[in-house]
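See structure below.
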Amino acid sequence: MQRQQSPGLFRKTWGASLISADAAYFRLWAPDERAVRLVHNAAAHDMQALDDGWFEHSLKARAGDRYCFQLSDGSLVADPASSAQQDGPSGPSLLVDQSAYRWENTSWRGRPWEEAIICELHIGTFTPEGTFRAASERLAHLADAGITAIEIMPIAQAPGRRGWGYDGVLHFAPHYAYGTPDDLKALVDRAHSLGLMVLLDVVYNHFGPEENALPRYAADFFNRDRATPWGASIAFEQDPVRRYFIENALYWLGDFRFDGLRIDATEQIRDSRKPHILVEMAREIHETFPERHVHLVVEDAHRRRSLVGRGPGGAAELFTAAWNDDLHNALHVVATGETKGHYQPFATDPWRKIREAMAEGFALPAKGTEISSHWTGDRVPPQARVNFLQNHDQIGNRAFGERLVSLVGADMMRVLTATLMLVPQVPLLFMGEEYGETQPFCFFADYEGEIAAAIRSGRRGEAENFGGMPRGKTTADLPDPLDLRTFAASKLQWDRAESPAGRRHLALIRELADIRQRHIAPLLKQPGVPGNRILPTDDGIVAVDWLFGSAVLALRINLTDEARPVPRFSGEPIFTTMAPGDCSLTAGELPGPGIVAAVTRR
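Residue 62 in our numbering is what sits at position 44 of the sequence shown, and the numbering runs on without skipping anything.
Structural data, given as C-alpha cells:
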C-alpha cells in the first residue's frame with residue numbers, strides 16, 4: 019500500500035498538527051495579544067511568543083483531543099485553522115490525524131480537463147440525509163449519467179447547521195453537520211473509484227458575518243479601508259494571511275486529495291503585492307503537485323483573460339478555467355424574456371452576445387486590472403471557460419428558486435441542454451439537472467437576530483436581480499430563508515429520476531456525454547487555440563464553426579418555434595434534434611427549436 023502522507027505536510031504555518039501518535043504542536047498568529055494560552059483537554063498552557071505575532075506550543079496529545087486558545091482577557095476562541103469542530107465555530111476544536119484514513123484508490127492521478135463534465139452539488143440538499151457519507155452512495159448515479167467531475171459547494175465550518183456555505187469562518191474544518199474529515203475523504207475516495215474528479219468550491223474573498231474571532235486578536239488580518247460587498251477586505255499583503263489561504267488550498271488538494279478548487283468571486287480578492295496572491299497560490303499549487311491533474315477554476319466577474327491564459331506549450335499557466343456567466347445570461351434572456359438585474363446588460367443585442375460567448379468565451383469586455391503573468395495573448399481555448407444553463411446562484415437567488423425546466427418548454431429545454439453539452443467549452447450541470455429535477459432550490463441559512471433580518475431583506479433585492487417577482491406574487495409570498503422548511507424543500511426529490519420524464523432526460527444527458535467524449539474532447543486535447551467563425555444569420559439562429567487543425571466542429575442552433583434557414587455544413591451530424599428521415603436540413607432549414615452538430619475533416 020502507498021505510504022500515507024505525513025501529518026502537517028501541507029500546513030506548516032497555521033493550526034495544530036500531530037507530530038507523532040502522542041504529540042502535537044499548535045500555532046496561532048495573534049499580533050494584538052501580549053500572551054496566549056493553549057487550553058488542551060481543559061488544562062491551560064502558556065504558549066511561547068515568537069517574532070511577528072506568532073505563538074506556539076508543543077505537548078502530549080492524541081487525535082480527537084479538544085483544544086482552544088485563551089486570549090489575555092480570558093475569552094476562549096477556536097483555532098482559525100481547525101481541522102474539525104466539536105460543534106459550531108465557537109466551540110472546541112478537535113485534533114485530527116490526517117494520516118489515519120486508509121486510501122483505497124492510491125494510484126488515482128486525476129483526469130485531463132478536456133474530459134470534464136461537471137455536476138455542482140450542495141452536500142446538505144443532495145441527499146435526504148445531507149451528509150458526506152450519504153452523498154458517496156449517490157455518486158454512481160452521476161457517473162452512470164456520463165458526468166466526470168463533481169464540484170462541491172463550500173463546506174467550511176460556518177455558524178448554524180445549514181446554509182449555502184459562503185459564510186464560512188473556519189476554512190480548514192469541514193462543517194460538522196456534514197460529517198467528519200474522514201467521511202469527506204471517503205467521499206473523495208469513492209468518487210475516484212468511479213472515475214469522477216472532485217472539485218471544492220472555496221471562499222477566499224471574505225469571512226462570514228458571525229463567529230469570526232480573528233479581528234479580536236489579529237485585526238491586521240483585514241484591511242478596514244478597503245471594502246468588499248461583505249465588509250472589510252482581507253489583507254493579503256500580510257505574510258501570515260497569504261500563508262493561511264495558500265496552505266488552505268494545499269490542504270484540500272493534499273490531505274483530502276481533491277482534484278481541484280473553484281475559487282469564489284476572485285474580483286474581490288484584492289492584493290497590492292507582487293506577485294498577486296492568486297498568482298502565488300496557483301504557482302505553489304502546481305509546483306507541489308506536478309504529477310497530478312489539478313484543476314483551478316475561478317469565478318471572476320472582471321472577465322480577466324490573463325487568469326486563464328495558456329503558456330507556450332498550451333498548458334494552463336495559472337488557472338484552468340473560469341465560469342462563463344456571459345453565455346448563461348444571454349441564453350437566459352432569449353429563452354425566458356427576463357431582462358432585470360444581472361440580465362439587463364444582455365437585453366440589448368442578445369443574439370450577438372450568445373454568438374461571441376460561444377465562439378470566444380466572452381461577450382462583455384474585461385473590467386479591472388489584468389493580473390500579470392508571462393502570458394500575453396488575447397484569446398483563450400474553449401476549455402478555459404465553464405458554461406452552464408443554471409447553477410446555485412441563478413436558481414437559488416430567484417424569488418422562488420425555480421429551475422430552468424420550470425421556466426421554458428420541453429423542446430426548448432432539450433435544445434438548450436444539447437447546446438450546453440456540445441459547445442466546446444466545459445459544461446456544468448446543477449445537481450438534479452441530469453434527470454430534469456423540478457424541485458426548487460432556494461437560498462437558506464441558519465441565523466437569528468439582526469443578521470437574520472438583514473438576510474430576509476436581502477432576499478428581496480436578489481430576487482429582483484434574478485428575474486424579479488413572478489406575476490401575482492409579492493414579497494410576502496417569498497420563502498423564509500431562515501425557516502427549516504425552506505431548507506427541507508430544497509432537497510432533491512430522487513423519485514423524479516425514476517419517472518418516465520426523468521428517465522428520458524437522463525438518457526439524453528448520457529447520449530450527449532458520450533458524444534462529447536468521443537467527438538469533442540479529443541479536439542480539445544489538441545495544442546493551441548482553435549480558430550472560429552461566426553456565420554451571419556438572422557436573430558433566433560446561432561451558427562458557429564470551431565477550427566481544430568484539420569477538423570471542424572459546426573453547431574447550428576434554432577431557438578425559435580419555426581423552421582428557419584441555417585448555414586450549410588459538410589459531413590454527417592454527430593447529434594441532431596430532427597426526427598429520423600427529416601430532410602429539412604438538406605434543404606437548408608432547421609426545424610425549431612432545434613440543433614444540429616457535426617464534426618468534419620478538412
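By construction, the Cβ of each residue, glycine as well, lies at the ideal position given by its N, Cα and C atoms.
Closest Cα partner of residue i within the set the options
i	options	result
residue 95	54, 133, 64, 130	54
residue 163	447, 475, 617	447
residue 365	282, 266, 345, 408	345
residue 661	258, 75, 473	The question about residue 661 has no answer here: the residues shown for the chain are numbered 19 through 620.
residue 45	61, 69, 60, 39	69
residue 330	573, 545, 48, 612	545
residue 248	269, 262, 289, 226	226
residue 437	380, 479, 471, 526	526
residue 270	541, 306, 445	306
residue 388	321, 351, 374, 216	321
residue 444	136, 265, 242, 456	136
residue 268	259, 299, 288	299
residue 218	281, 66, 255	281
residue 110	123, 60, 125	60
residue 196	211, 210, 180	180
residue 501	166, 220, 464	464
residue 410	57, 170, 429, 104	170
residue 424	442, 439, 459, 396	459
residue 224	200, 250, 243, 208	250
residue 334	342, 325, 341	325
residue 168	573, 214, 422	214
residue 515	542, 450, 540, 576	450
residue 452	441, 467, 431, 469	431
residue 354	427, 398, 292	427
residue 13	542, 557, 620	Residue 13 lies beyond the residue range present for the chain, which begins at 19 and ends at 620; the question has no answer from this structure.
Beta carbon of residue i nearer than 7 Å to that of residue j
i	j	result
residue 621	residue 81	Within the shown structure, residues of the chain are numbered from 19 to 620, placing residue 621 beyond reach of any answer.
residue 72	residue 401	no
residue 150	residue 202	yes
residue 318	residue 284	yes
residue 455	residue 407	no
residue 263	residue 253	no
residue 622	residue 185	The requested residue 622 does not occur in the structure, where the chain is confined to residues 19 to 620.
residue 187	residue 229	yes
residue 570	residue 618	yes
residue 585	residue 553	yes
residue 12	residue 143	For the chain, the structure presents residues 19 to 620; residue 12 sits outside this window and is missing.
residue 351	residue 361	yes
residue 610	residue 579	yes
residue 573	residue 549	no
residue 157	residue 212	yes
residue 56	residue 65	yes
residue 340	residue 371	no
residue 593	residue 533	yes
residue 439	residue 530	yes
residue 28	residue 183	no
residue 11	residue 342	It is not possible to answer for residue 11, since the shown part of the chain is limited to 19 through 620.
Contacts around residue i, its chain only, beta-carbon distance under 7 Å, and the 5 residues preceding and following it disregarded
i	result
residue 22	Below a pLDDT of 50, predicted positions are generally treated as unreliable, and residue 22, at 38, falls in that range; no measurement from the model is reported.
residue 237	50
residue 309	127
residue 622	Limits of the chain in this structure are 19 at one end and 620 at the other, which puts residue 622 out of reach.
residue 484	359, 360, 412, 415, 416
8 Å Cβ shell around residue i - same chain, five flanking residues per side excluded
i	result
residue 25	With a pLDDT of only 44 at residue 25, under the threshold of 50, the placement of this residue in the model should not be trusted; the figure read from the coordinates follows. Contacts found: 35, 36, 37, 115, 116, 117.
residue 220	172, 174, 189, 266, 267, 270, 279, 280, 281, 282
residue 19	Reliability of the predicted coordinates at residue 19 is poor, the pLDDT of 28 falling under 50, and the value obtained from them is presented with this limitation in mind. Cβ within range, chain order: 120, 124.
residue 129	166, 167, 213, 215, 277, 311
For residue j and residue i, believed in contact at Cβ under 8 Å, the rounded distance
i	j	result
residue 591	residue 616	5 Å
residue 481	residue 496	7 Å
residue 596	residue 612	6 Å
residue 404	residue 315	6 Å
beta-carbon residue i near the ligand FAD non-hydrogen atom, thresh 6 Å
i	result
residue 293	The ligand content of the structure shown is nil, which means the ligand FAD is not present either.
Contact set for residue i: own chain, Cβ-Cβ below 6 Å, skip 5 residues either direction
i	result
residue 434	407
residue 102	112, 114, 191, 199
residue 47	71, 72, 236, 258
C-beta neighbour in chain B for residue i, strict 7 Å
i	result
residue 533	The structure shown contains no chain B; it is built from a single protein chain.
key: Length-filtered (4 minimum) alpha helix (DSSP H) runs lying within the segment 358-386   = If you keep only unbroken alpha helix (DSSP H) runs of at least 4 residues inside the segment 358-386, you get 368-377.
query = Which parts of the segment 248-329 are runs of the beta strand (DSSP E), unbroken and 3 residues or longer, counting only runs that do not cross its ends?
reply = Every unbroken stretch of the beta strand (DSSP E) spanning 3 or more residues and falling wholly within the segment 248-329 is given here in chain order: 249-252, 278-281, 313-316.
inquiry  = Threshold first: 4 residues or longer. Then list the alpha helix (DSSP H) segments lying entirely within the segment 391-428, N to C.
reply    = With a minimum length of 4 residues, the continuous alpha helix (DSSP H) runs that stay inside the segment 391-428 are 410-414.
key: Those runs of the alpha helix (DSSP H) which lie wholly inside the segment 89-151 and span at least 4 residues   = Segments of the alpha helix (DSSP H) lying fully in the segment 89-151: 141-144.
Complete beta strand (DSSP E) runs within the segment 182-258 (minimum length 3 residues, chain order) = List check, beta strand (DSSP E) in window: 188-192, 215-220, 240-246, 249-252.
task = At 4 residues or longer, and completely inside the segment 532-597: list those alpha helix (DSSP H) runs for me, N to C.
result = List check, alpha helix (DSSP H) in window: 539-542.
query = In chain order, which alpha helix (DSSP H) runs of at least 4 residues are fully inside the segment 461-485?
reply = Annotation note: the segment 461-485 contains the following uninterrupted alpha helix (DSSP H) runs of length 4 or greater, listed N- to C-terminal: 467-483.
query = Where are the beta strand (DSSP E) runs, 3 residues long or more, that stay fully inside the segment 485-528, in chain order?
reply = Whole beta strand (DSSP E) segments, 3+ residues: zero.
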